[in-house]
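Reading through the C-alpha cells given below for one structure.
There are 2 protein chains.
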Amino acid sequence: MSWSGARNKELMERARAVLPNGMYGHESVMMMPEDFPQFFQKAQGTRLWDVDGNEYIDYMCAYGPNLMGYGRPEVQSAIGAQLAMGDTMTGPGAGIVELAETFVSMVKHADWALFCKNGGDATSIAMVTARAYKGRKKILVARGAYHGSAPWNTPSMSGIVPDDRAHIIYFDYNDVDSVTKAAKFAGDDVAAIFATPFKHDTFTDQADVNAEYARGVRALCDEIDALLIIDDVRAGFRLARGCSWDTVGVEPDIACFGKVIGNGQPISAVLGSDKARKAIESIFVTGSFWFSAVPMAAALATLKLVRDTDYLEQMVKIGTMFRTGLDAQAADFGFALRQTGPVQMPLVMFHDDPDFRFGYEWCRQAMLHGVYLSPYHNMFMNAAMTEADVALTLEATGKAFDYLKANRSTIEPQAKLGVLKRLMAS
Amino acid sequence: MSWSGARNKELMERARAVLPNGMYGHESVMMMPEDFPQFFQKAQGTRLWDVDGNEYIDYMCAYGPNLMGYGRPEVQSAIGAQLAMGDTMTGPGAGIVELAETFVSMVKHADWALFCKNGGDATSIAMVTARAYKGRKKILVARGAYHGSAPWNTPSMSGIVPDDRAHIIYFDYNDVDSVTKAAKFAGDDVAAIFATPFKHDTFTDQADVNAEYARGVRALCDEIDALLIIDDVRAGFRLARGCSWDTVGVEPDIACFGKVIGNGQPISAVLGSDKARKAIESIFVTGSFWFSAVPMAAALATLKLVRDTDYLEQMVKIGTMFRTGLDAQAADFGFALRQTGPVQMPLVMFHDDPDFRFGYEWCRQAMLHGVYLSPYHNMFMNAAMTEADVALTLEATGKAFDYLKANRSTIEPQAKLGVLKRLMAS
Chain X
32 MSWSGARNKE LMERARAVLP NGMYGHESVM MMPEDFPQFF QKAQGTRLWD VDGNEYIDYM
92 CAYGPNLMGY GRPEVQSAIG AQLAMGDTMT GPGAGIVELA ETFVSMVKHA DWALFCKNGG
152 DATSIAMVTA RAYKGRKKIL VARGAYHGSA PWNTPSMSGI VPDDRAHIIY FDYNDVDSVT
212 KAAKFAGDDV AAIFATPFKH DTFTDQADVN AEYARGVRAL CDEIDALLII DDVRAGFRLA
272 RGCSWDTVGV EPDIACFGKV IGNGQPISAV LGSDKARKAI ESIFVTGSFW FSAVPMAAAL
332 ATLKLVRDTD YLEQMVKIGT MFRTGLDAQA ADFGFALRQT GPVQMPLVMF HDDPDFRFGY
392 EWCRQAMLHG VYLSPYHNMF MNAAMTEADV ALTLEATGKA FDYLKANRST IEPQAKLGVL
452 KRLMAS
Chain H
32 MSWSGARNKE LMERARAVLP NGMYGHESVM MMPEDFPQFF QKAQGTRLWD VDGNEYIDYM
92 CAYGPNLMGY GRPEVQSAIG AQLAMGDTMT GPGAGIVELA ETFVSMVKHA DWALFCKNGG
152 DATSIAMVTA RAYKGRKKIL VARGAYHGSA PWNTPSMSGI VPDDRAHIIY FDYNDVDSVT
212 KAAKFAGDDV AAIFATPFKH DTFTDQADVN AEYARGVRAL CDEIDALLII DDVRAGFRLA
272 RGCSWDTVGV EPDIACFGKV IGNGQPISAV LGSDKARKAI ESIFVTGSFW FSAVPMAAAL
332 ATLKLVRDTD YLEQMVKIGT MFRTGLDAQA ADFGFALRQT GPVQMPLVMF HDDPDFRFGY
392 EWCRQAMLHG VYLSPYHNMF MNAAMTEADV ALTLEATGKA FDYLKANRST IEPQAKLGVL
452 KRLMAS
C-alpha cells in the first residue's frame with residue numbers, strides 16, 4: 032500500500048474557490064508540513080483515514096475531542112438511542128438535568144452547570160459572568176494563552192478594534208509577581224483572572240503549572256474578591272477526573288470545559304460555584320443548539336467512562352511509552368528532542384531546530400508512514416490507544432528519523448514557515 | 032387522555048439546584064404561560080412529546096431549526112450514514128466542500144461560505160469581517176433587533192461593559208431616514224449595516240420589510256462602501272430558497288444563516304460575496320466542532336429538500352390556513368387578533384390586550400389541548416404540517432377561545448408578566 036494524495040489535492044483546489052483560504056480555523060493544514068491531508072473520510076478508535084484512503088494513527092484526536100477513541104461504542108449507542116427520540120427540540124430533554132447533576136457530583140468546585148457549544152462560548156460566558164459578579168471590568172489573561180477566537184482573544188488582529196480588549200490585562204504564566212502586578216495595575220476593578228491548566232501555547236515548549244503559582248493566583252483572587260476561571264477546554268479530563276488544577280490542589284470559581292465532554296459531540300460547559308450563581312443568573316446567553324439532546328446523551332455516556340474506567344491511567348501509560356520510546360529512538364539516530372507538557376498532551380520538538388526544519392520533515396515522514404503528528408501544536412492521547420499502536424508508531428517514526436539522518440545536511444526549512452515568521456513578526 | 036405535568040415539575044425542581052435559574056436561554060419557559068412544559072422526551076414530524084408524555088402539535092419548531100419536520104427521513108439517513116463513518120475528526124470531510132459549493136450555487140450573492148455552530152458565531156464573524164474590510168469600526172444595527180447573545184448584542188446588560196458596544200449605532204427598522212442619519216453620525220467610519228429580513232422582535236407586532244427601505248439600505252452601503260449584512264439566522268429558507276431579501280430583489284454582501292440549515296443539526300454559516308473575500312481571509316475564527324462531518328451531511332440533505340421540493344409553498348399554504356382559520360374563529364367567539372409577519376413565521380396577538388392576559392391564557396388553554404404556541408415570540412411553520420394538523424389545531428384553539436369567552440371578565444394577567452414589565456422598565 033503506498034501513500035497517495037490525489038483526491039485530497041483535487042478537493043483542496045475546489046475548496047480554494049468556495050471556502051476562505053481554501054480552509055479556515057485550527058484544522059486548516061496551512062501551517063502543517065507539506066502534503067498533510069486536509070480532508071478525511073473516516074475515523075474509528077485510534078485511526079483516521081483521509082479521502083485518499085490513507086490510514087493514520089491519529090495523535091491529534093480532532094484537536095482534543097476524541098478522548099475515548101473515535102466511535103466509542105458506549106457513546107455511539109447513547110447517540111443512536113437519543114437520535115431516534117429527538118435532538119434539537121423546543122426545549123431540552125431530561126438529560127440536561129442529569130448531566131448538570133453529574134458534573135456537579137464529579138467536579139469539586141461546581142454547584143451548577145451551563146451548557147453551550149464552542150469552547151469559546153464557555154470562556155466568553157465566564158468573562159461576562161465575572162464582570163456581572165461585582166460590576167468590575169478588568170480581566171487578567173496570561174500572555175499568549177488561547178481562550179477562543181472571539182474578538183477579545185483571537186490571535187489575529189484583523190477586524191478587531193481596540194475597544195474589544197480595552198479591559199484585558201496580560202501577565203506571564205507561572206509568574207506570581209507578574210499576575211500580582213497586573214492586578215495592582217487594574218486597581219479595584221479586577222473581575223477575573225483566567226488560568227490555563229498548564230502552558231500550552233503553539234510553536235513553543237509547553238510548561239507544567241507551578242503549584243506555588245496556582246496557589247498564589249487563588250490567594251490573590253480571594254484577597255481582591257475576583258473570580259478564578261480555569262480554561263479547561265483543551266486539557267479537561269486529560270489531566271484529572273475533575274478540574275485540571277486538582278493536580279495541584281487548587282479549586283477555581285468557574286471552569287470552562289469543551290472538546291472532550293461528548294467525545295466529539297458538540298457541547299461545552301461552564302461549571303461554577305455558588306459564589307458565581309447570582310452572576311450567571313443575571314446574564315443572558317443562549318444558542319440555537321445549546322439544548323439539543325444528543326450531545327447531552329453523549330456527554331452523560333462519556334462522563335460515565337471518565338468516572339468508571341481507567342481511561343486516564345491508560346493514557347498516562349501509553350503517553351509515557353510514546354515519550355520514552357521517542358527519546359530512545361532519537362538518541363539512536365543522533366538527535367535530541369524536547370518533549371514537554373503532560374504525556375497525555377505531548378509536544379515534541381527537536382533541539383537545535385530554530386526554524387523547525389527537522390520537526391516539519393520528521394512529521395511529514397511519519398505521516399507518509401501512517402502516523403499523524405503535529406510539529407507545532409500539542410498532541411492528544413486517547414484511551415483507545417494500545418501498546419501495539421505505540422509499537423507501530425515507533426516503526427513509522429524510526430523511518431522518519433532514518434530519513435532525517437540520511438538527509439540531515441540537505442533538509443531545507445519549509446516555505447510555509449516563512450509565512451509563520453511574517454505572521455509572528457506582524 | 033388527560034394532561035399531566037408531574038414529571039416536568041419534578042425535573043424543574045431538580046434543575047433549580049444545578050442549572051442557572053433552573054433553565055437559561057431562549058428555550059426557558061420562564062416567560063411562557065403557566066404550566067408550559069420545560070422538558071421534552073421526543074419529537075417526530077410536526078409533533079413534540081413532553082416528559083410527561085403529553086403530545087403537542089409544535090408551532091415553535093425548536094425556535095426555528097425544524098424546517099422539514101422533526102426526524103425527516105432524508106436528513107436522518109444522511110446523519111446515520113455519516114455518523115457511521117466519522118463526525119468530529121482531525122479535519123473536515125469532503126462534505127464541507129460540497130456544502131460550500133451547494134450554498135454558492137443556491138444563494139445569489141454568495142461566492143464563498145464559512146461554517147460555524149451558533150447563529151451568533153455567524154453574526155459576530157460578519158461584524159469582524161466588515162471591520163476588516165476597510166479597517167472601519169462602526170456597525171449600524173436596527174434598534175431592538177436580536178443578532179445573538181454576544182456582548183455586543185445580548186438583550187441583558189448585566190456583565191456588559193460600555194466598550195462592548197462603543198461602535199454600535201442604532202437606527203429604526205424600515206426607516207431610510209433613520210439609517211441614513213445613523214450613517215452620517217458615524218462619519219466615514221461605517222463598516223457595515225445589519226439588516227434582519229423583516230422585523231421580528233419579541234412582545235411586539237412583526238413588520239414585513241418595506242422594499243423601498245431595503246433598496247435604500249443597499250444604495251447607502253454602495254455609496255459609502257460599507258458591507259450590507261443580512262441576518263437570516265431566524266428567517267432563512269422560510270421566506271425564500273436563497274436570501275430572504277430575494278423577496279424584495281436586494282442582495283447583501285454577507286448573509287448569516289443558522290437554525291434550519293441542518294434541519295436541527297448544529298451548523299450555521301456566513302455566506303459572502305467576492306467583495307468580502309479578502310476580509311474574511313484575513314481574520315481568525317474557529318471552533319472545536321465547526322468541521323464535524325455529520326451536521327454538514329445533514330445540511331446537504333436539507334439543502335437538497337430546499338431546492339427540489341415544494342416545502343416553501345407547503346408552509347405558505349398551511350400558514351395561510353392557520354391564519355385565516357384563527358381569524359374566523361376569533362370573530363366567532365367575539366375576539367379580534369393581530370396576526371403579523373409572514374404566514375410561515377406567524378405572531379398572534381389579541382387586540383386590546385396590553386398586559387397579554389388573553390394571549391397568555393389562550394396559549395395555555397391551547398397547550399392543555401395539545402397545541403404548542405407562543406404568546407410573545409414569532410412561531411414557525413414546518414414542511415411536514417398538513418391540513419389535518421391545522422384542523423386539529425383549530426379544534427384546540429376553539430376550546431381555548433371558548434374558555435376565554437366564558438371567563439373573559441375574570442382572567443387575570445399572569446404573575447410572570449410582572450417580571451417582564453420590570454425587565455423592560457430596567
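For the record, the sequence lines run as chains X and H.
The numbering of the first sequence is this note's numbering, which starts it at 32 and goes up by one.
The numbering of the second sequence is this note's numbering, which starts it at 32 and goes up by one.
Note that the Cβ used here is the ideal one computed from N, Cα and C, for glycine as well.
Of all C-beta pairs linking the segment 294-308 of chain X to the segment 138-155 of chain X, three or more are shorter than 8 Å, placing the two stretches in contact. In terms of CA proximity to Leu-357 of chain X, X:Gln-370 leads the group X:Gln-370, X:Leu-251 and X:Ala-157. The contact set of Gln-69 of chain H on chain X, defined by CB atoms closer than 9 Å, consists of Gly-122 and Pro-123 in chain order.
Beta bridge pairing from DSSP links Ile-285 of chain X with X:Ile-260 and X:Gly-303. The beta carbon of Arg-395 of chain H lies closer than 7 Å to those of Pro-64, Glu-65 and Asp-66 in the same chain, with the five residues before and after it left out.
Taking CB atoms only, Ser-304 of chain H has no neighbour in chain X less than 9 Å away. When the alpha-carbon of Met-62 of chain X is set against those of X:Pro-406, X:Asn-413 and X:Ile-88, the nearest one is in X:Pro-406. The segment 409-422 of chain H and the segment 335-346 of chain H touch, with three or more beta-carbon pairs separated by less than 8 Å. Rounded to the nearest angstrom, the Cβ distance from Leu-114 of chain H to Val-325 of chain H is 6 Å, consistent with a contact under 8 Å. For Arg-369 of chain X, the three-state secondary structure derived from DSSP is strand.
In the three-state DSSP reduction, Asn-149 of chain H falls in the coil class, being neither helix nor strand. Straight through space, the alpha carbons of Phe-353 of chain H and Gly-95 of chain X are spaced by roughly 48 Å. Taking the Cα positions, Asp-277 of chain H is about 16 Å away from Gln-375 of chain H. The continuous stretches of alpha helix (DSSP H) do not include Ile-170 of chain X, which lies in the beta strand (DSSP E) extending over residues 169-173.
Secondary structure of Leu-79 of chain H (DSSP, three-state): strand. Contact between Ala-157 of chain H and Ile-260 of chain H holds, since their C-beta atoms are separated by about 5 Å, short of 8 Å.
Excluding the 5 residues flanking it on each side, Gly-293 of chain X has same chain C-beta neighbours closer than 7 Å at Pro-326, Ala-329, Ala-330 and Thr-333, in chain order. In the structure shown, the three-state DSSP call for Glu-443 of chain H is coil.
Ala-181 of chain H sits close to Gly-151 of chain H, with the two beta carbons spaced by under 9 Å. Here Val-337 of chain H has Phe-268 and Arg-272 as same chain residues with Cβ atoms under 7 Å from its own Cβ, once five neighbours each way along the sequence are excluded. Note on geometry: alpha-carbon atoms of Thr-121 of chain H and Trp-183 of chain H lie some 32 Å from one another.
Sequence-ordered contacts of the segment 324-349 of chain H with chain X are nonexistent [C-beta pairs closer than 7 Å]. Residues of the segment 181-198 of chain H with a C-beta atom less than 8 Å from some C-beta of chain X are Ala-181, Pro-182, Thr-185, Pro-186, Ser-187, Ser-189, Gly-190, Ile-191, Val-192, Asp-194, Asp-195, Ala-197 and His-198, listed in chain order.
Secondary structure of Trp-143 of chain H (DSSP, three-state): strand.
For Glu-282 of chain H, no Cβ of chain X is located within less than 9 Å of the residue's own Cβ. With a threshold of 9 Å between beta carbons, Trp-143 of chain X makes contact with chain H.
Under the DSSP assignment, Val-240 of chain H falls outside any beta strand (DSSP E); it carries neither an H nor an E label. Contacts with chain H (Cβ-Cβ distance below 8 Å) from the segment 85-109 of chain X involve Asp-89, Met-91, Cys-92, Ala-93, Tyr-94, Gly-95, Pro-96, Asn-97, Tyr-101, Gly-102 and Gln-107, listed in chain order.
Only buried fits Glu-392 of chain X, as 16 or more other CB atoms lie within 10 angstroms of its CB. Met-62 of chain X sits in coil when the DSSP states are folded into three classes, being neither helix nor strand. Looking at the DSSP output, Ala-419 of chain H shares a beta bridge with no other residue. A direct Cα-to-Cα measurement between Asn-205 of chain H and Ser-304 of chain X gives close to 45 Å. Taking C-beta atoms as the reference points, Ala-222 of chain X and Leu-258 of chain X count as a pair closer than 9 Å. Annotation: Arg-45 of chain H to Gly-111 of chain X spans about 26 Å, alpha carbon to alpha carbon. Setting aside the 5 residues that flank it on each side, Trp-321 of chain X is surrounded in the same chain by Phe-146, Cys-147 and Lys-148, each with a C-beta closer than 7 Å to its C-beta; the list follows chain order. Counting along the chain, the unbroken beta strand (DSSP E) around Ile-199 of chain H starts and ends at 199-202.
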